[in-house]
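Peer 1: Mapping the sequence shown onto the numbering used here, position 61 (from 1) lands on 63, and the numbers just tick up by one.
By construction, the Cβ of each residue, glycine as well, lies at the ideal position given by its N, Cα and C atoms.
From a predicted model like this one, the values you see are computed outputs, not experimental measurements.
Pasting a structure below so you can have a look.
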Amino acid sequence: MLTQANIPSWYEGLNKSGLTPPGPVFSIVWSILYALLAIVGWVLWCSRNESEMRSVFYLYSVQMLMNWAWTPLFFVLHWTGLSFLWILVMAGLTGLLMFSQTNKKKSLAILLLPYLIWLLFAAYLNGVIWLLN
3 MLTQANIPSW YEGLNKSGLT PPGPVFSIVW SILYALLAIV GWVLWCSRNE SEMRSVFYLY
63 SVQMLMNWAW TPLFFVLHWT GLSFLWILVM AGLTGLLMFS QTNKKKSLAI LLLPYLIWLL
123 FAAYLNGVIW LLN
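Dropping the structure here:
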């Protein structure tokens, strides 16, 4: 795992929010969220040739690339301020994705809701780390 070597020495020593869940919670939540994101991605992939869905597919792709890039920004480079802004942009893109689907494929917006909520919570946790350290 990309972050394995950096977590014990760096992350564990940080001042964190009292609301920070235990480590295993992150693994469980992200497993569920990635399953939901995979479903959304699959539906968008299958719809990518529909003219109105092409831009939605690209927006989803950019958001996912940002998701994958957040981990090295935070855990490897230790750029807590940039990673905080990064995750806020991710949440904004996710909100835009949800809004774009409310009239077309409402189920996609519903599948993205837990992810958006977790992103906002993660942004809070990231922001607290940035401010306290």
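Return helix, strand or coil for Lys107, following the three-state DSSP convention.
Peer 2: Correct three-state label for Lys107: coil.
Peer 1: Leu99: buried (16+ other C-beta within 10 angstroms of its C-beta) or exposed?
Peer 2: Buried, because 16 or more other Cβ atoms sit within 10 Å of the Cβ of Leu99.
Peer 1: Take the Cβ of Ala124 as the centre, count every other Cβ of all protein chains shown within 10 Å, and call the residue buried at 16 or more, exposed below.
Peer 2: Buried is the call here.
Peer 1: Helix, strand or coil for Ser19 per DSSP?
Peer 2: Here Ser19 sits in coil by DSSP.
Peer 1: What's the call for Thr104, buried or exposed, on a 16-neighbour Cβ count within 10 Å?
Peer 2: Exposed: under 16 other Cβ atoms inside 10 Å.
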